[in-house]
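What follows is a short report on a single structure.
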Amino acid sequence: MRPIAEALRRELTREGSTRAAGLYRVGLVIVLWAYYGEKLALHAHEQEPAWLAVSVAFAVLTSLTFLGLWTRAATIGLAITMTALHFYFGRHLGVWHFGKAVPSWEGALFLAFIPAGASFSIDRLRAVRRAQAAGRAPPPERAPLWGTRLLALELTLIYLWAVYDKLEPAWLRGDELDAIWMLYYGSADSLAQAPWLHSWHAVVAWGSLALELALGLGLWSRRLRPLLVPVGLLFHLVIYFTLPVATFSAMMALLYLHIVDPEAVHRCVDALIGAPTGAPRSTRAAAQPTRAAGSS
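For reference, each letter of the sequence shown is one residue, going 0 to 295 in numbering that gives the first Met the number 0.
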């Protein structure tokens, strides 16, 4: 039990750059606005008190989360609101497809467990200004990152669930892809006109199953990750433009921020925007984080 306890202790105390968490916070709100914005517009529910309340809460909390103002309270409130939307309005009332919104609900729920306001936020700006007023160096963009493991786990479990869901004859034969093709691209006689399509769909069905299995397991491997991350992102880019899964694809791409090394994200942002102009050399050096012990 001691090795397990030690590994758990290391994970719970692991620190790293918060820039990936900040980017995820902003991207998540954009995805939520795109999916829920029209459904929760205030004018659509002005005569329904419950809907109006959740619409106002959604508008206020997503705006605060996007700006990074009072981020901790805003993300907790957003997690509660999204849980109500998901289970009561989505599942109980059946207002929209329950399963389609699962990744965005989980993503909002786990957002409350990560240091989402420590970078790219008004909270960060206020902290920097307080430090400057006191003659201190700005606080480093570092915090405990145990919550990001929940989002990384969400990403890989979604792939593994997709593999399980595809282990049925209709998918493995290519029948389901035949139906998708006829629904969105072809017609009832598509397979009669191009019999090779069915064979191609069977190949794609097996290929997608193998790819999702590789992503679900291999993304945890530090050696395989540099290969699998671009492959996974390309996979979601393809289905984003070819199938009606825009929200799902965008959420999955965002979750990749938590499977890669947070220090690599920090260095990438530094390469794009550089250190703050006029920052003292000591501050610039402090802004370059060292690789966190135990990070993967």
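Each residue gets a CB set at the ideal place from its N, CA and C atoms; glycine is no exception.
Quantities reported herein were computed from a predicted structural model and do not represent experimental measurements.
- Within its own chain, the residues whose Cβ lies closer than 8 Å to the Cβ of Y34, once the five positions on either side in sequence are excluded, are A100, S103, T246, listed in chain order.
- In the structure shown, the three-state DSSP call for E153 is helix.
- Comparing alpha-carbon positions, the option among L152, L196, I258 lying closest to L226 turns out to be I258.
- Taken through DSSP and simplified to helix, strand or coil, G231 comes out as helix.
- Membership of G76 in any beta strand (DSSP E) is not indicated; the residue belongs instead to the alpha helix (DSSP H) covering 70 to 83.
- By the neighbour-count criterion, in which a residue is buried when 16 or more other Cβ atoms sit within 10 angstroms of its Cβ, Y163 is exposed.
- Short of 8 Å from the beta carbon of A204, and not among the five residues preceding or following it, lie these beta carbons of its own chain, in chain order: K165, W170, L171, R172, G173, E175, L176.
- The C-alpha of H200 lies about 12 Å from the C-alpha of A193.
- Between F234 and the set V25, Y158, E140, the nearest pair of CA atoms involves Y158.
- Assignment of beta-bridge partners to A142 by DSSP yields G15.
- An exposed status is given to Y87, since fewer than 16 other beta-carbon atoms sit within 10 Å of its beta-carbon.
- For the segment 196 to 250, the continuous alpha helix (DSSP H) assignments of 4+ residues that do not extend past its boundaries occur at 224 to 241, in sequence order.
- I113 sits in coil when the DSSP states are folded into three classes, being neither helix nor strand.
- Two segments are said to touch when three or more pairs of C-beta atoms, one from each, lie closer than 8 Å; by this definition the segment 14 to 21 does not touch the segment 49 to 59.
- Note that the C-beta distance between L27 and G106 is below 8 Å.
- Counting every other CB atom within 10 Å of its CB across the protein chains shown gives W195 a total below 16, marking it as exposed.
- Here DSSP, grouped into helix, strand and coil, assigns P261 to helix.
- Check the Cα spacing between Y184 and each of A78, W145, L212, L242: the tightest is with L242.
- Per DSSP, reduced to three states, the secondary structure at K165 is helical.
- Distance between L236 and W219, taken at the CA atoms: about 21 Å.
- Taking 8 Å as the upper bound for CB-CB distance, R123 and G215 are not in contact here, some 34 Å apart.
- For D188, the secondary structure class from DSSP, reduced to helix, strand or coil, is coil.
- Judged by beta-carbon spacing, T64 lies within the 8 Å limit of R24, meaning their Cβ atoms are closer than that value.
- Under the three-state reduction of DSSP output, F88 falls in the helix class.
- Within 10 angstroms of the beta-carbon of W160 lie fewer than 16 other beta-carbons, which makes it exposed.
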